[in-house]
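Input: a single structure, listed below in structure tokens.
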Amino acid sequence: MNVANLQLEGLLMAVASINRLLVQKGVLKAEEIDLALRKTEAGETNEERSEGMSASSRDAVNFPIRLLELANQCQPEAELPSFSKLARMVGKIKEPYNDQL
Numbered sequence: 002m003n004v005a006n007l008q009l010e011g012l013l014m015a016v017a018s019i020n021r022l023l024v025q026k027g028v029l030k031a032e033e034i035d036l037a038l039r040k041t042e043a044g045e046t047n048e049e050r051s052e053g054m055s056a057s058s059r060d061a062v063n064f065p066i067r068l069l070e071l072a073n074q075c076q077p078e079a080e081l082p083s084f085s086k087l088a089r090m091v092g093k094i095k096e097p098y099n100d101q102l
């Protein structure tokens with residue numbers, strides 16, 4: 002496996018853990034984190050940004066955002082799922098883009 006991929010896995014799980022801690026400490030609500038992630042995803046999938054980009058490229062851009070969204074939806078008192086489990090969940094919930102319909 003590419004070392005950069007492993008580094009990104011670690012970074013995503015670190016961000017997911019920090020987000021969880023922010024919710025547990027009452028600094029942010031899970032809904033606020035979710036809204037920020039949704040806004041980010043919307044910005045990355047807008048027509049201007051994604052013009053000429055393949056569906057697989059858009060998936061690649063949105064994968065980390067979607068993984069963090071799923072991690073954010075986990076109950077704060079439960080253990081955070083592993084990267085591989087979250088990645089599988091992202092694949093299962095992925096919806097087609099308008100140009101794929």
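The sequence shown begins at 2 in our numbering and counts up by one.
Cβ atoms here follow ideal geometry from the backbone N, Cα and C, with glycine treated the same way.
Given a cut-off of 8 Å on the beta-carbon distance, is the pair residue i and residue j in contact?
i: residue 59; j: residue 41; result: no
i: residue 17; j: residue 61; result: no
i: residue 13; j: residue 68; result: yes
i: residue 77; j: residue 8; result: no
i: residue 84; j: residue 10; result: yes
Taking the alpha-carbon of residue i as reference, which of the options has the nearest alpha-carbon?
i: residue 112; options: 70, 3, 80, 54; result: No statement about residue 112 is possible, as the shown extent of the chain runs from 2 to 102 and does not include it.
i: residue 79; options: 4, 11, 22; result: 22
Around the Cβ of residue i, are there at least 16 other Cβ atoms within 10 angstroms (buried) or fewer (exposed)?
i: residue 65; result: buried
i: residue 63; result: buried
i: residue 38; result: buried
i: residue 34; result: buried
i: residue 36; result: exposed
i: residue 6; result: exposed
i: residue 3; result: exposed
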